[in-house]
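Encoded as structure tokens, the structure appears first; notes follow it.
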Amino acid sequence: MGGILVLAEHLRGNLSPQTGEVIGLARELKATVGGPLVVAVIADDPVRYHADLALDGVDEVLAVEAGAHFDPAVYEEAAHRLALAEKPRLVMLGHSVNGMGFGPALAVRLGGSFVSDAFGIEADGGRLLALRGGYGNKVVTKIDITDPCVTTLMLRGGSGKPPPSGSALLRIVPLDLQPAAAHTAEHKGYVDPPPADVDITRAEFILSVGRGIQDEKNIERFRALAERLGAAFGCSRPIADSGWLPKAHQVGLSGKVAQNCKLYVALGISGAVQHLHGMKHVETIIAINTDRNAPIYTVATYGAAIDVFEFADALEREFN
0 MGGILVLAEH LRGNLSPQTG EVIGLARELK ATVGGPLVVA VIADDPVRYH
50 ADLALDGVDE VLAVEAGAHF DPAVYEEAAH RLALAEKPRL VMLGHSVNGM
100 GFGPALAVRL GGSFVSDAFG IEADGGRLLA LRGGYGNKVV TKIDITDPCV
150 TTLMLRGGSG KPPPSGSALL RIVPLDLQPA AAHTAEHKGY VDPPPADVDI
200 TRAEFILSVG RGIQDEKNIE RFRALAERLG AAFGCSRPIA DSGWLPKAHQ
250 VGLSGKVAQN CKLYVALGIS GAVQHLHGMK HVETIIAINT DRNAPIYTVA
300 TYGAAIDVFE FADALEREFN
């Protein structure tokens, strides 16, 4: 047993960005785990995805022909057969709606261990640790997956970065999946989620607010300030949980990771561990919080222990 099997995800003919992120994490683990890194794509025309999946570090892309639409029973059956044939140490897929549709069932059939909603993996002194939130995402838990058994890992979006293009070989794997498909529901169509007015994952400049802004009525003032500065408007979890801003604006462990951000301005945010997960990697972080002991200052590049409204006044005067 060795190596890594990544299960690709696609929708309406397009690969999910999360697949590239999972491959990026798998690539980082390749030397520690040992063996090949193989990516499997299950689709009506799987060969079309070969070039997009042949990323650096990938040794082989497995193409499995199936129906045009996602079917959890078909994916479970195909992934199970592939895992039995390839005998990987790790099976990795995205913690997404589709992933949750078949990943846990696949883990049960494979045995071994299972970690869902992980956002990172660490190699520590010969041990392999999967990172995920605990106690309502208030702490980071480390789950030891060192034992030499197959482990199914479901990775949260935004947890990794896709590697550059590579030159992985393509192998077509013929599987009869009709018996599995015969017991499933009929695909009727897609229902799109409500459109979001912000994409935290792609923004290069984010201005985020936390409980320090005190009242919902102040949201529009800081939204306008963000627009004036040319920044995406983000927030911490308490703001989203209170309904002051939609969930799409939330930065953090239970929100979005600011994976492309270069400048992050945190106004009135204390910096709980779940929020830091979403932004602590940013190159330049400016924190404004009257509490000099706030955790946000442990990751901030620059900080000022002043009132957020005084800071906003100064910016509004400067950029009026």
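The sequence shown: position 17 = 16 (numbering that gives the first Met the number 0), numbered continuously. Cβ atoms here follow ideal geometry from the backbone N, Cα and C, with glycine treated the same way. Model, not experiment: these values are computed from the prediction.
Please name the residue in the options whose C-alpha comes closest to that of residue i.
{"i": "A39", "options": "R80, V138 and K187", "result": "R80"}
{"i": "D55", "options": "K246, V63 and A25", "result": "A25"}
{"i": "D51", "options": "S166, M99, L28 and R155", "result": "S166"}
{"i": "R210", "options": "D312, D290 and G12", "result": "D290"}
{"i": "N217", "options": "Y189, T151 and A311", "result": "A311"}
{"i": "L314", "options": "A223, L168 and Q177", "result": "A223"}
{"i": "L168", "options": "A67, I3, V60 and T183", "result": "V60"}
{"i": "H182", "options": "V73, S235 and V37", "result": "V73"}
{"i": "V90", "options": "E185, P245, I295 and G2", "result": "G2"}
Measure the C-alpha to C-alpha separation of residue i and residue j and round it to an integer number of angstroms.
{"i": "K261", "j": "V281", "result": "6 Å"}
{"i": "E85", "j": "L206", "result": "46 Å"}
{"i": "A230", "j": "Y301", "result": "18 Å"}
{"i": "P71", "j": "R108", "result": "14 Å"}
{"i": "P225", "j": "K255", "result": "Note on residue identity: the sequence assigns Ala, not Pro, to residue 225. Near 18 Å, if we compare the C-alpha coordinates of K255 and A225."}
{"i": "S158", "j": "E20", "result": "7 Å"}
{"i": "G133", "j": "I22", "result": "25 Å"}
{"i": "S164", "j": "G33", "result": "21 Å"}
{"i": "L130", "j": "I284", "result": "24 Å"}
{"i": "V114", "j": "T151", "result": "6 Å"}
{"i": "A62", "j": "E309", "result": "58 Å"}
DSSP three-state label for residue i, please.
{"i": "G23", "result": "helix"}
{"i": "K141", "result": "strand"}
{"i": "N13", "result": "strand"}
{"i": "D51", "result": "helix"}
{"i": "A84", "result": "helix"}
{"i": "I305", "result": "coil"}
{"i": "E121", "result": "strand"}
{"i": "G132", "result": "strand"}
{"i": "V96", "result": "helix"}
{"i": "D175", "result": "coil"}
Just to confirm, is the Cβ distance from residue i to residue j under 9 Å?
{"i": "L174", "j": "F318", "result": "no"}
{"i": "P161", "j": "P45", "result": "no"}
{"i": "A293", "j": "I268", "result": "yes"}
{"i": "L154", "j": "K141", "result": "no"}
{"i": "A303", "j": "A286", "result": "yes"}
{"i": "F101", "j": "E75", "result": "yes"}
{"i": "F232", "j": "V197", "result": "yes"}
{"i": "P87", "j": "V172", "result": "no"}
{"i": "S241", "j": "E203", "result": "no"}
Discussion item. For a minimum of 3 consecutive residues, which ranges assigned as the beta strand (DSSP E) are wholly contained in the region 177-235?
Written reply: 204-208 and 231-234
Practice prompt. Please list the segments of the alpha helix (DSSP H) lying wholly inside the region 233-285, counting only runs of 4 or more residues, in order along the chain.
Written response: Taking only runs of at least 4 residues, the alpha helix (DSSP H) segments lying wholly in the region 233-285 are 236-240 and 272-278.
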